[in-house]
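Student: Numbering (full-length UniProt numbering), first residue to last: 1 to 575. Built from N, CA and C at the ideal position, the CB exists for glycine as well.
Put into structure tokens, the structure is as follows:
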């Protein structure tokens with residue numbers, strides 16, 4: 001076959017390889033046209049997998065990318081009617097995609113066969129050391145609660161546990177919210193004592209939503225909280241945090257329920273702990289005094305064993321005084337206009353609740369634009385001390401911006417990316433734990449042809465690399481170099497080229513970039529090939545010592561795909 005010059009390289013170069021081409025993974029984004037839930041086994045497998053997170057942080061990005069593709073081939077589901085592919089990356093992003101699915105198909109749970117395996121994976125994720133994973137899991141449960149179904153008195157379902165090889169065995173026929181949540185409650189209530197305020201808040205929200213759906217489940221919740229508080233193995237600080245959070249569960253829907261189990265456990269706890277720790281429990285009993293009424297509380301206390309009742313009586317005056325103070329503060333709060341009261345409360349420590357509510361409005365783009373402008377103004381004026389406090393809420397804040405980036409309105413997306421860019425500038429060096437989450441956010445708009453969006457994405461990548469390690473950011477980006485969309489492949493190459501021209505090459509894993517760029521020199525799409533040639537030229541200039549190894553890789557690629565003329569074109573470019 002005669003040789004072809006570089007400009008004439010066409011799809012013939014990869015025609016043979018295309019037949020067996022590896023499946024490309026899509027970024028996690030809101031697909032409003034999803035009509036097919038991936039198979040149960042695929043979802044369970046990815047929720048179970050922990051390897052990908054470790055491999056992604058490996059210095060050799062190409063190895064992690066190849067691992068992801070090989071592993072992804074086993075768990076990719078196809079919608080044959082639409083000829084689409086749904087890829088799930090790891091446990092964290094699987095939860096993200098499931099959250100999207102819940103919004104679009106309220107009947108998803110009834111279609112899911114392996115319910116027992118699903119909840120065992122939720123239990124494992126709740127016990128994960130990474131608080132971000134815990135948060136995403138609890139958030140998913142909060143969003144999915146209404147889809148689990150309610151108790152039907154005419155049809156009795158049972159939880160059938162078959163003791164096989166594992167600890168719990170497969171759980172079958174879980175058909176409603178009460179049984180689903182009972183399985184996870186022992187893990188969930190421990191999060192009330194989490195040192196992370198973000199985890200405590202989402203746990204409160206989830207338990208409140210659960211109790212509103214199932215007020216008669218209060219006894220189960222009380223028992224689990226009591227077991228947590230009375231377990232001597234649990235850390236004292238975790239218990240103290242949980243005691244502070246319990247008043248949030250005193251909702252109107254449960255005011256008529258019997259709180260005897262929890263109050264008895266508090267009295268028992270007072271009997272077993274040092275007196276210097278009694279104050280927190282006394283304050284909680286004062287909350288019960290306001291919530292249930294003095295008469296009802298006294299009746300519950302009078303039924304306690306003598307020793308426990310005597311301890312509670314000792315603090316009777318203190319409970320009464322704290323209750324009066326609490327009642328007075330409630331009266332003063334009622335005098336404040338509801339709109340002012342909402343405005344005085346903040347999310348993420350700096351953003352007014354009213355603004356946060358407007359950000360969550362999916363039906364009104366104008367409202368979101370106004371809210372984003374307010375957030376941008378807040379970020380412009382944030383001080384160093386406030387930015388450190390705000391950084392503790394960064395995970396939840398980024399999740400909120402992620403929901404906004406799903407909007408179809410161009411102005412909303414452009415403004416949201418600008419807010420994200422400004423946020424990253426203000427938070428600076430505190431971004432390191434959130435690199436993968438940031439890349440996941442902007443991946444929603446990789447390949448967007450609007451110049452404003454491209455510029456914002458490039459700026460966000462450069463800021464993240466400047467404040468963190470360029471190597472870590474590029475390791476997250478490498479995955480998308482294998483994307484099925486040529487526009488996304490092209491954009492990733494352009495970002496890498498900009499990184500090489502901006503940062504010291506010693507802070508970047510050049511070998512990983514080489515492994516990514518060489519296969520793309522023979523890409524089917526001309527624009528991708530041009531971007532790859534540009535990156536290769538920059539790379540060869542920065543790493544002249546490894547040019548022989550690079551040319552050897554190009555030669556192998558040329559022979560493998562019969563892309564004749566590729567090596568000569570590369571040599572011409574590098575010279």
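List the residues that DSSP assigns as beta-bridge partners of residue 352.
Tutor: Its beta-bridge partners are 346.
Student: Looking only at its own chain, which residues have a Cβ that is under 8 angstroms from the Cβ of residue 285, when we skip the five neighbours before and after it?
Tutor: Contacts found: 263, 266, 297, 312, 315 and 319.
Student: Determine the contact status of residue 518 and residue 554, defining contact as a CB-CB distance below 9 angstroms.
Tutor: Yes; because the gap between Cβ atoms is below 9 angstroms, this pair is in contact.
Student: For the putative contact between residue 211 and residue 218, defined by C-beta atoms under 8 angstroms, what is the C-beta separation to the nearest angstrom?
Tutor: Between residue 218 and residue 211 the Cβ distance is about 6 angstroms, and since that is below 8 angstroms, they are a contact.
Student: At the level of alpha carbons, what is the spacing between residue 531 and residue 512?
Tutor: For residue 531 and residue 512, the distance between alpha carbons rounds to 17 angstroms.
Student: Which same chain residues, not among the five before or five after residue 295, have their C-beta less than 8 angstroms away from its C-beta?
Tutor: Answer for residue 295: no residue qualifies.
Student: Between 390, 348 and 223, which has its C-alpha nearest residue 185's C-alpha?
Tutor: It is 223.
Student: Compare the C-alpha of residue 47 against each of 127, 107, 349 and 289 and name the closest.
Tutor: Nearest of 127, 107, 349 and 289 to residue 47, Cα basis: 127.
Student: Quick check on residue 409: does DSSP put it in helix, strand or coil?
Tutor: Here residue 409 sits in coil by DSSP.
Student: When the distance is taken between beta carbons, is residue 357 closer than 9 angstroms to residue 198?
Tutor: No, they are not a contact pair.
Student: Would you mind sorting residue 447 into buried or exposed? The rule is 16 or more other CB atoms within 10 Å of its CB.
Tutor: The residue is buried, with at least 16 neighbouring Cβ atoms inside 10 Å.
Student: Determine the closest residue to residue 425 out of 407, 402, 381 and 146, with distance taken between C-alpha atoms.
Tutor: Of 407, 402, 381 and 146, the residue nearest in Cα terms is 381.
Student: Alpha carbon to alpha carbon, how far is residue 489 from residue 482? Give it in angstroms, no decimals.
Tutor: Roughly 7 angstroms separates the two Cα atoms.
Student: Near residue 302, what residues of its chain come up, given a Cβ to Cβ distance below 8 angstroms and the 5 sequence neighbours on each side ignored?
Tutor: The answer, listed in chain order, is 309.
Student: Could you tell me the distance, in whole angstroms, from the CA atom of residue 539 to the CA atom of residue 510?
Tutor: For residue 539 and residue 510, the distance between alpha carbons rounds to 8 angstroms.
Student: Between residue 400 and residue 372, how many whole angstroms is the CB-CB distance? I'm expecting something under 8 angstroms.
Tutor: In fact, because the Cβ distance is near 11 angstroms, the residues do not count as touching under 8 angstroms.
Student: Taking C-alpha atoms, which residue in 535, 260 and 206 lies nearest to residue 146?
Tutor: The shortest Cα separation from residue 146 among 535, 260 and 206 belongs to 206.
Student: Please classify residue 432 as buried or exposed, where buried requires at least 16 other C-beta atoms within 10 Å of its C-beta.
Tutor: Residue 432 is exposed by the Cβ-count criterion.
Student: Does DSSP classify residue 193 as helix, strand or coil?
Tutor: Residue 193 falls in the helix class under three-state DSSP.
Student: Output yes or no for whether 9 angstroms exceeds the beta carbon distance between residue 196 and residue 142.
Tutor: Against a cut-off of 9 angstroms, the Cβ pair of residue 142 and residue 196 comes out as no contact.
Student: Going along the chain, which unbroken runs of the alpha helix (DSSP H) with 4 or more residues stay wholly within the stretch 95–120?
Tutor: Taking only runs of at least 4 residues, the alpha helix (DSSP H) segments lying wholly in the stretch 95–120 are 108–111.
Student: Using a Cβ-Cβ cut-off of 6 angstroms (strictly less than) and excluding sequence neighbours within five positions of residue 238, which residues of its own chain qualify?
Tutor: Cβ within range, chain order: 193.
Student: Specify the secondary structure class of residue 569 as computed by DSSP and reduced to three states.
Tutor: Residue 569 falls in the helix class under three-state DSSP.
Student: Measuring CA to CA, which of 444, 438 and 121 is closest to residue 468?
Tutor: The residue with the shortest Cα to Cα distance from residue 468 is 438.
Student: What does a CB cutoff of less than 8 angstroms around residue 107 pick up in its chain, not counting 5 residues either side in sequence?
Tutor: 147.
Student: By Cβ distance below 8 angstroms, which residues in the same chain neighbour residue 429 in space, the five residues on each side in sequence not counted?
Tutor: 467 and 468.
Student: What is the rounded straight-line gap between the Cα of residue 461 and the Cα of residue 473?
Tutor: Cα to Cα, the separation comes out at about 8 angstroms.
Student: According to DSSP, simplified to helix, strand and coil, what is residue 381?
Tutor: Coil.
Student: Using the C-alpha atoms, what's the distance from residue 504 back to residue 458?
Tutor: If you take the alpha carbons of residue 458 and residue 504, they lie about 18 angstroms apart.
Student: Relative to the C-alpha of residue 387, which residue among 350, 566, 131 and 299 is closest?
Tutor: If we check each option's Cα against that of residue 387, 350 comes out closest.
Student: Which residues bound the alpha helix (DSSP H) around residue 220?
Tutor: It spans 218–230 - the alpha helix (DSSP H) in which residue 220 sits, taken as one unbroken run.
Student: When you compare only the Cα positions, how much space is there between residue 202 and residue 138?
Tutor: So the two alpha carbons sit approximately 7 angstroms from each other.
Student: Please report how far the alpha carbon of residue 204 lies from the alpha carbon of residue 129, in whole angstroms.
Tutor: Rounded to the nearest angstrom, the two C-alpha atoms are 20 angstroms apart.
Student: Let me know the secondary structure DSSP gives residue 16 once reduced to three states.
Tutor: Only weak support exists for where residue 16 lies, its pLDDT of 33 falling under 50; the value from the coordinates is given anyway. Of the three classes helix, strand and coil, the one that applies to residue 16 here is helix, per DSSP.
Student: Cα-Cα, which of 181, 111 and 188 is closest to residue 131?
Tutor: Here the closest residue by C-alpha is 188.
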